[in-house]
Amino acid sequence: MSTSIQSSAHSRQRTLGELKRIPDFDPRGASRSVKDELRRNLLRAIEKGETLFPGVHGYDDTVVPQIVNALLSRHNFILLGLRGQAKSRILRGLVNLLDPEMPVIAGCEINDDPLKPICRACREKVAADGDNTPISWMPRDNRFVEKLATPDVTMADIIGDVDPIRAARGGRDLSDELTIHYGLLPRANRGIFAINELPDLAGKIQVGLFNIMQEGDIQIKGYPLRLPLDILLVFTANPEDYTARGKIITPLKDRIGAEIRTHYPGSLEEGMAITAQEAWVCRDSGKIEVPQYLRQVVEEVAFQAREDKRVDRRSGVSQRLPITTLESLVSSAEQRAARTGEKSVVARVADVYAALPAITGKMELEYEGELKGADTVARELIRTAVGRVFSKHFSDVNFQAVIQWFELGGELKLPDLATTKERHQQLAKIQGLMEHVGRLGIPDRKDAGAAAAAAEMILEGLWAHRRIGRSEERGYYAEKPKHPDQRERETPGRPPRRQFN
Ligand SMILES: [Zn+2]
């Protein structure tokens, strides 16, 4: 590494001697371990009331305090959680707790401390050049090394390998460490090394990892090598894999100071905050508005999927499901605007169904779900989600007039490519419908785009509660008569429907 940052006051020091002459230079402070550095910066950030993990939502009372304790204890730790629970984001966020830049011996592959070099090349260099040894400043972003564990990751990848060409060229004995080609772990020296999906790492590599953390030494192809590395080790794993017997060697497990469980958002609002932050919604093509109630529906789909018996809970339903669904929904609206030639459009509930391909691939189905098919399961999840969001907004509203309109023979079809104006005119004909759009945050029922989308959401909600019927082609009609008691079961807390028949 030979990075130098000119902007910083410290960046001007280019040799070991200049480094030592910095007025407030404290050799002990400069050579403190990465865990002590994180500790000190973390305490300072907490005292200042800073947000420790910007962009991570819903963990303030659960995951974050546990990570803080692990760091204050100078522990290596593991995040146990299902996919899409921001585990990688949290680990990468640790970088912000490092010093902005750190002095290293220029050109050292393992970021040696100028005052305490561990690699042989640097020790020889400092012995020969003394205070003239060149140093460089390493920005903190370069001090985070990440590796996804897979069964084919080798010792050479993680720890290093003997480089026979280098050995031959230098005419050195193979056991000489100058012939070592360093792996990822030594290259993370004085920084943070993250291994994702730790249980997928072969037992042999786990042993190597343990040895280098515990004893600071390692054997490469039978050659002993001493490398007292200074690293914060962090891991992620799926909880079931991690606790499965034999997946993690016991001595390594013992060296992991804290097991911290992550989780999905606890509330719809938290989920929506994450989705809003991550999803690409602001398009350059024009104005596409996504009503708040549709964002609720999208998030509710993920919540429903996480609880659904037909979806495999061990693999979980990632937050990427609502994120890509929202993006796909916006694209569906964007596509409609382009086809109908409208400049600005409001996304509709039909656009959630158009986002089906963003949903189906993100759920591992159980046998029962497989039988039904991913599309059917996804459609049912959307319907349930619409029903839930509808109930939130309209629990005390009587839609008798709307239902009667259909029961008296009214039928409505909303073609995919009808313009906003056409849809608004059609929907406005239904008695008692437009007067409720205010509940969905639409102050003006003449605002065609917003009002039409809200009215469609109401019809979809009535259909979700089986109070009106709907065809695959988005035609709404009167629900076929059913057993009254069955209807009551499906819409709990509502008056009997018999009076409408
Ligand atoms: Zn070195």
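Residue 469 in our numbering sits at position 469 of the sequence shown, with consecutive numbering throughout. Cβ coordinates follow ideal geometry from the N, Cα and C atoms, glycine included.
Comparing C-alpha positions only, which one of the options sits nearest to residue i?
i, options, result
"L414", "T360, K204, Q335, A350", "A350"
"D230", "D241, I212, T243", "I212"
"G469", "D416, I165, G84, V402", "V402"
"K392", "R313, Y293, E364", "Y293"
"V64", "N76, H75, T51, I118", "T51"
"P301", "G246, V317, G286, K287", "The question names Pro, but residue 301 in the sequence shown is Val. Nearest option by C-alpha distance: V317."
"G475", "C122, L412, L459", "L412"
"T243", "N96, G81, G107", "G81"
"K287", "E334, E18, L184", "E334"
"F303", "C282, P265, R466, R140", "P265"
"N96", "S33, E18, R140, A453", "R140"
"L233", "K147, S315, V281, E278", "K147"
"A276", "R120, N132, S31, I323", "I323"
"F406", "T384, E479, V145, E101", "E479"
"R12", "E342, P103, E37", "P103"
"R439", "K429, M457, I430", "M457"
"I279", "S328, G257, P291", "In the sequence under discussion, the amino acid at residue 279 is Ala, which differs from the Ile named in the question. Taking only the C-alpha atoms, the option nearest A279 is S328."
Just list the residues that DSSP pairs residue i with in beta bridges.
i, result
"A194", "E146, V234"
"F77", "V234, A258"
"G160", "Y182"
"D217", "R226"
"P239", "The partner list for P239 (beta bridge, DSSP) is empty, contrary to what the question assumes."
"S136", "V104"
"E289", "V346"
"L365", "V311"
"T15", "P134"
"K413", "G475"
I think residue i touches residue j, with their Cβ atoms under 8 Å apart; what is that distance to the nearest whole Å?
i, j, result
"G409", "A464", "About 22 Å separates the two Cβ atoms, so there is no contact after all."
"R310", "E366", "5 Å"
"D200", "P151", "6 Å"
"N189", "L98", "Contact flag wrong, Cβ pair sits at about 13 Å."
"T236", "L459", "Contact doesn't hold; Cβ gap of about 44 Å is too wide."
"R89", "G49", "In fact, because the Cβ distance is near 21 Å, the residues do not count as touching under 8 Å."
"L417", "R336", "7 Å"
"I135", "T15", "6 Å"
"L184", "I220", "Not confirmed; about 14 Å, so no contact."
"L72", "R39", "6 Å"
"S332", "A305", "Their Cβ separation, rounded to whole angstroms, is 20 Å, which puts S332 and A305 out of contact at 8 Å."
"V346", "E289", "5 Å"
"I118", "I260", "With 8 Å as the limit, I118 and I260 do not qualify as a contact, their Cβ atoms being about 30 Å apart."
"S315", "R83", "7 Å"
Review point. Which full runs of the alpha helix (DSSP H) of 4+ residues lie inside the stretch 421 to 482, going along the chain?
Key: You should have 448 to 464.
- Message: Pairs of beta-carbons, one from the stretch 395 to 403 and one from the stretch 355 to 362, closer than 8 Å: are there three or more?
- Response: no
- May I have a chain-ordered list of the beta strand (DSSP E) segments no shorter than 3 residues that lie completely inside the stretch 297 to 345? none
Going residue by residue through the stretch 372 to 407, where are the continuous beta strand (DSSP E) segments of at least 3 residues, counting only ones entirely within it? The stretch 372 to 407 contains no whole beta strand (DSSP E) run of 3 or more residues.
- What runs of the alpha helix (DSSP H), each 4 residues or longer, lie entirely inside the stretch 54 to 132? With a minimum length of 4 residues, the continuous alpha helix (DSSP H) runs that stay inside the stretch 54 to 132 are 63 to 72, 87 to 93, 120 to 129.
- Stretch pair the stretch 258 to 277 + the stretch 112 to 119: three plus CB contacts closer than 8 Å: no
Check: Can we say the stretch 448 to 464 touches the stretch 425 to 440, given the rule of at least three CB pairs closer than 8 Å?
Finding: By the Cβ test, the stretch 448 to 464 is in contact with the stretch 425 to 440, since at least three Cβ pairs between them sit closer than 8 Å.
* Asked: Is the number of C-beta pairs between the stretch 192 to 209 and the stretch 245 to 259 that are closer than 8 Å three or more?
  -> yes
Does the contact criterion of 3 or more C-beta pairs under 8 Å hold for the stretch 376 to 385 versus the stretch 249 to 263? no
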